[in-house]
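Chains as they are written, first to last, in the numbering used here: chain A, 122 to 551; chain B, 122 to 551.
Glycine is no exception: its CB is placed at the ideal position from the N, C-alpha and C atoms.
Since the structure is predicted, the reported quantities are computational estimates derived from the model, not experimental observations.
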């Protein structure tokens with residue numbers, strides 16, 4: 122078992138002008154490899170304070186993992202502090218100098234003394250090359266075996282260096298055997314307690330792999346965690362549990378790990394040759410925006426009519442004026458009319474319509490802030506409706522409504538996976 | 122001058138399962154009061170490690186400010202660690218016990234021994250009451266004058282305690298006189314270097330207040346920072362500089378501090394009795410969504426047509442088929458036709474149209490990924506166009522394009538602030 126503390130270097134991060142996302146990423150990755158993370162620290166670009174902090178860290182833990190402080194203007198003081206903490210000199214590292222020279226030649230830019238100084242590193246350190254930037258990372262070693270591993274602060278430089286250089290070194294150095302490997306199953310449209318009742322026995326009995334649930338904003342994730350010696354071994358343990366979970370969850374399950382809900386919808390629509398359109402009032406284009414976020418959206422997405430003003434609902438979505446007068450813009454009838462109008466105008470197989478009260482003003486006893494009516498058209502069938510009320514402020518309500526709309530789309534198309542459609546011929550471009 | 126380090130307590134935060142927003146808030150507040158923040162730390166619920174960390178902090182700084190670790194299940198070990206670090210005993214604090222008893226009586230819940238233990242505090246500490254929760258905060262004092270101030274981790278409990286209890290105590294204790302007060306001016310559509318050239322002399326010569334620039338995603342903020350004894354004194358120093366900056370920046374300036382670009386647009390449109398609509402392809406509804414995000418958007422926003430498929434551009438925006446064939450969907454001609462079509466269909470005074478290539482696929486030599494054409498209609502005048510190319514991935518490009526579109530709208534309506542419009546009569550509902 123190895124123990125580590127994480128140190129984020131940079132005045133901008135210390136004072137909160139830049140948000141640190143690295144330390145959480147590193148903490149997760151280390152924990153997954155069975156490394157004990159004792160603490161995180163954030164310190165400004167100040168050599169004295171950094172050196173003192175590193176000395177303290179090495180008193181408590183086997184090593185420090187740092188990010189940041191390797192840019193051309195500040196890396197002198199970072200490396201100076203690290204060298205002091207491990208009691209080594211800074212010496213020229215020839216291969217790093219050549220790599221930096223090579224990079225500057227490629228880009229045709231002149232090299233400064235500052236750039237050259239980036240090749241000075243603590244004596245005897247292990248260099249971690251940086252194919253995504255100029256500053257190499259390194260692992261500085263103290264004679265008693267303690268270490269300080271320094272990586273750049275830019276996440277797209279740090280992440281591959283961590284995965285491909287630092288973690289393998291730690292695994293070997295500390296003979297780490299079991300790491301924790303995870304797979305996350307994403308669900309939408311199922312309440313946490315409903316999901317819990319479906320998987321409660323697994324939650325209670327499984328030990329390796331074990332499962333955990335994490336709810337966030339209308340979606341619930343089920344995380345499967347296996348302790349194993351390799352990704353392959355872990356996958357062999359995880360996959361049967363994942364298959365059982367998917368079966369139990371049913372149509373609320375939409376994908377694993379990095380899959381987004383909109384990407385899952387776009388892929389499934391494209392697979393089935395279906396098209397999608399939206400008719401939005403309170404969500405104001407957010408559903409369309411979420412769909413277009415997925416690369417390849419053009420295979421399935423036709424477009425949207427955002428009808429914020431009532432007369433636009435009438436003119437572009439054919440909502441009857443008498444419906445608006447009799448039931449109001451936020452009503453089941455209006456949601457149905459909007460979905461039908463968008464189906465006619467945009468000629469899509471699947472249409473979702475939203476109309477609601479996002480606040481802060483406009484709520485009444487009968488129609489409180491947070492109330493949203495959804496209308497869902499599938500093929501040329503009847504329009505289905507749903508009434509939901511969301512908590513929170515304007516931003517929360519709109520975000521929840523957008524996720525709920527995507528969830529309704531997803532569950533509707535999943536429900537019909539086995540059923541024959543036969544609708545494409547009857548819908549078309551207006 | 123006082124120096125402080127911030128310590129966030131809690132395993133959930135250390136491992137990144139909960140996001141820490143407290144330390145940035147505290148760092149800002151302390152810095153604004155002239156307290157030097159040396160470092161931030163995050164540590165799990167572990168009394169030994171916390172005590173060792175606090176001892177180290179008190180070696181370097183005048184005090185530690187902690188959040189978290191005061192909930193009923195973990196506060197024993199937190200207070201234990203703090204007591205060790207300041208070398209005091211935990212003793213019963215009668216007023217805190219009575220306050221806790223009172224609270225439980227109010228809510229009609231039974232009190233447990235755990236709740237009662239919350240009233241044990243380091244001997245001689247200063248109690249900071251917590252009107253928003255059960256756990257009081259406290260400032261524990263070591264005989265040499267160093268201190269550990271402990272606050273709850275729940276932000277809505279911590280923030281008032283910091284503002285109303287801890288900061289006034291620090292001001293008195295360390296005879297802090299000058300705090301730093303800031304005002305931020307937001308701009309859009311002006312490059313960092315252009316803005317720099319407009320304010321460079323102020324940047325160089327001003328000392329109190331001084332100014333700084335911060336660029337993020339297509340917008341540049343100018344921050345004015347004054348060192349003063351009160352907000353009033355600071356405002357008197359800041360306001361003349363702000364007025365000069367607003368004059369120099371011109372129509373790119375859209376608001377101060379918490380003002381968002383979409384809120385500024387909605388307010389200005391409503392003031393002038395103008396309406397807005399959008400016609401979106403690559404932005405996919407994101408501009409409309411941003412506008413609707415602003416409370417009160419219904420006063421100015423009519424709606425949007427998201428025409429992602431080409432035949433929707435033809436059917437709903439009257440883009441001539443021959444335009445699409447001759448110049449392609451991503452072209453100046455299409456952007457113009459989209460803006461004109463949306464003006465006709467949605468009857469708005471101001472219309473923005475976007476068509477571009479967000480990637481990852483679809484780019485060519487002439488029309489690379491990142492290219493976006495904008496069309497802007499104002500009143501019944503000629504459609505203005507703009508061609509911009511954005512770096513980054515699909516999400517970056519779409520976000521930049523959305524901000525650029527909002528910037529074009531803002532600068533266009535600002536440009537016409539003095540000019541008579543006389544257009545409302547000529548546009549209307551289709």
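Boundaries of the beta strand (DSSP E) in which residue i is found, first to last residue
{"i": "residue 162(B)", "result": "157-164"}
{"i": "residue 126(A)", "result": "124-130"}
{"i": "residue 188(A)", "result": "184-188"}
{"i": "residue 200(B)", "result": "Note, residue 200(B): premise wrong, no beta strand (DSSP E); alpha helix (DSSP H) at 196-207."}
{"i": "residue 242(A)", "result": "241-243"}
{"i": "residue 292(A)", "result": "Where residue 292(A) is concerned, there is no enclosing beta strand (DSSP E), although the alpha helix (DSSP H) it sits in stretches over 288-294."}
Per-residue contacts from residue i into chain A (C-beta, under 7 Å)
{"i": "residue 174(B)", "result": "160"}
{"i": "residue 502(B)", "result": "Correct list: empty, because the minimum Cβ distance to chain A is about 22 Å."}
{"i": "residue 241(B)", "result": "None at all; the shortest Cβ gap to chain A is about 26 Å."}
{"i": "residue 195(B)", "result": "Ordered by position in chain A, no residue passes the 7 Å Cβ test against residue 195(B), which lies about 16 Å from the chain."}
{"i": "residue 487(B)", "result": "Result: empty, since nearest Cβ-Cβ is about 19 Å, beyond 7 Å."}
Paired residues, beta bridge with residue i - DSSP
{"i": "residue 552(B)", "result": "This structure cannot settle anything about residue 552(B), because the visible part of chain B is limited to 122 through 551."}
{"i": "residue 300(A)", "result": "349(A)"}
{"i": "residue 271(B)", "result": "187(B), 259(B)"}
{"i": "residue 147(A)", "result": "The partner list for residue 147(A) (beta bridge, DSSP) is empty, contrary to what the question assumes."}
{"i": "residue 506(A)", "result": "496(A)"}
{"i": "residue 344(A)", "result": "305(A), 333(A)"}
{"i": "residue 401(A)", "result": "427(A), 475(A)"}
{"i": "residue 247(A)", "result": "260(A)"}
{"i": "residue 362(B)", "result": "Beta-bridge pairing links residue 362(B) to no other residue."}
{"i": "residue 211(B)", "result": "243(B)"}
Element boundaries [alpha helix (DSSP H), containing residue i]
{"i": "residue 536(A)", "result": "515-536"}
{"i": "residue 171(A)", "result": "168-181"}
{"i": "residue 311(A)", "result": "Segment: none, residue 311(A) is in no alpha helix (DSSP H) and carries neither H nor E."}
{"i": "residue 215(B)", "result": "215-228"}
{"i": "residue 387(A)", "result": "382-393"}
{"i": "residue 282(A)", "result": "276-282"}
{"i": "residue 377(B)", "result": "Counting along the chain, residue 377(B) falls outside any alpha helix (DSSP H), though it belongs to the beta strand (DSSP E) covering 374-377."}
Proximal chain B residues relative to residue i, where beta-carbon distance stays under 7 Å
{"i": "residue 467(A)", "result": "433"}
{"i": "residue 481(A)", "result": "416"}
{"i": "residue 410(A)", "result": "405, 406, 407, 410"}
{"i": "residue 302(A)", "result": "Per Cβ cutoff of 7 Å: no residues; residue 302(A) is ~16 Å from chain B at best."}
{"i": "residue 515(A)", "result": "416"}
Top-ranked residue by Cα proximity to residue i, from the options
{"i": "residue 450(B)", "options": "461(B), 430(B), 463(B), 469(B)", "result": "430(B)"}
{"i": "residue 432(B)", "options": "436(A), 423(A), 439(A)", "result": "423(A)"}
{"i": "residue 276(A)", "options": "141(A), 514(A), 531(A)", "result": "141(A)"}
{"i": "residue 137(B)", "options": "149(A), 362(A), 294(A)", "result": "149(A)"}
{"i": "residue 477(A)", "options": "456(A), 486(A), 464(A), 389(A)", "result": "456(A)"}
{"i": "residue 199(A)", "options": "463(A), 290(A), 167(A)", "result": "167(A)"}
{"i": "residue 247(B)", "options": "259(B), 470(B), 253(B), 237(B)", "result": "259(B)"}
{"i": "residue 386(B)", "options": "472(B), 284(B), 481(B)", "result": "472(B)"}
{"i": "residue 264(A)", "options": "322(A), 272(A), 155(A), 183(A)", "result": "183(A)"}
{"i": "residue 474(A)", "options": "160(A), 497(A), 421(A)", "result": "497(A)"}
{"i": "residue 459(A)", "options": "440(A), 226(A), 470(A), 172(A)", "result": "440(A)"}
{"i": "residue 151(B)", "options": "245(B), 468(B), 289(B)", "result": "289(B)"}
{"i": "residue 297(B)", "options": "124(B), 509(B), 519(B)", "result": "124(B)"}
{"i": "residue 469(B)", "options": "374(B), 390(B), 536(B)", "result": "390(B)"}
{"i": "residue 278(A)", "options": "369(A), 134(A), 143(A)", "result": "143(A)"}
{"i": "residue 305(B)", "options": "317(B), 360(B), 283(B), 312(B)", "result": "360(B)"}
{"i": "residue 482(A)", "options": "399(B), 521(B), 415(B)", "result": "415(B)"}
{"i": "residue 234(B)", "options": "227(B), 363(B), 221(B)", "result": "221(B)"}
{"i": "residue 240(A)", "options": "163(A), 219(A), 293(A), 377(A)", "result": "219(A)"}
Amino acids of chain A, ordered along the chain, whose beta-carbon sits closer than 8 Å to that of residue i
{"i": "residue 201(B)", "result": "Neighbours of residue 201(B) on chain A: none; closest Cβ ~18 Å, over 8 Å."}
{"i": "residue 307(B)", "result": "Result: empty, since nearest Cβ-Cβ is about 16 Å, beyond 8 Å."}
{"i": "residue 125(B)", "result": "Here the premise fails: no neighbours, minimum Cβ distance about 12 Å."}
Beta-carbon neighbours of residue i, restricted to chain A and to distances below 9 Å
{"i": "residue 437(B)", "result": "424, 426, 437, 466, 467, 551"}
{"i": "residue 136(B)", "result": "145, 148, 149, 152, 158"}
Listed by chain order, chain B residues near residue i by CB distance under 9 Å
{"i": "residue 374(A)", "result": "Neighbours of residue 374(A) on chain B: none; closest Cβ ~23 Å, over 9 Å."}
{"i": "residue 219(A)", "result": "Simply none; closest approach about 29 Å."}
Where residue i meets chain B, residues with beta-carbon distance less than 8 Å
{"i": "residue 181(A)", "result": "170, 173"}
3 or more residues per run - each beta strand (DSSP E) lying fully within the region 414-490 of chain A | With a minimum length of 3 residues, the continuous beta strand (DSSP E) runs that stay inside the region 414-490 of chain A are 422-428, 471-477.
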